[in-house]
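Following: one structure in structure tokens, then a few remarks.
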Amino acid sequence: MQIKSFREMMGLGGGDEGQGRQLSERIYRVLDTDRDGKVSFREYISYLNIMIHGDQQSKNDYTYSLIDIDKNGSFDRPAFSTLMKLFVGLWSNVTGNAIDP
Ligand SMILES: [Ca+2]
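Residue 43 in numbering that gives the first Met the number 0 sits at position 44 of the sequence shown, and the numbers go up by one each step.
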């Protein structure tokens, strides 16, 4: 699955700009576990399986990897703040309700 199809499928902004695009690209990178630049059907099903049937630690690991984008095992406040701004911006765009962070 290519990134554009992924964005459209996830409803995270099929366009070329905005928080939806940035957030979907982060999720796409997390799902691309073999780092070949594509999310295979197997990778996608594996992600869904963990999110639906996985234990809390596995779900936490996926969520953590959304923040720790350089995969060094830690993240700083700016990295966390960036992700939260993406979520808040996406929420505002989708709902039309502004959130004052
Ligand atoms: Ca892949």
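We put the beta carbon where it would ideally sit given N, CA and C, even for glycine.
Since the model is a prediction, treat every value here as computed from it, not as a measurement.
Tell me the residue span of the alpha helix (DSSP H) that contains residue i.
i, result
"residue 1", "From DSSP, residue 1 is part of no alpha helix (DSSP H); its letter is neither H nor E."
"residue 79", "76-94"
"residue 58", "55-66"
"residue 71", "Careful: residue 71 lies outside any alpha helix (DSSP H) and carries neither H nor E."
"residue 51", "40-52"
Measuring CA to CA, which of the options is closest to residue i?
i, options, result
"residue 69", "1, 25 and 88", "25"
"residue 60", "83, 5, 29 and 82", "29"
Relative to ligand 1, is the shortest distance from any of its heavy atoms to the C-beta of residue i smaller than 7 Å?
i, result
"residue 38", "yes"
"residue 42", "yes"
"residue 69", "no"
"residue 75", "no"
Does DSSP classify residue i as helix, strand or coil?
i, result
"residue 25", "helix"
"residue 13", "Caution is warranted here: a pLDDT of 49 is assigned to residue 13, below 50, making its placement in the model unreliable, and the coordinate value is therefore given only provisionally. Coil, per DSSP."
"residue 19", "helix"
"residue 34", "coil"
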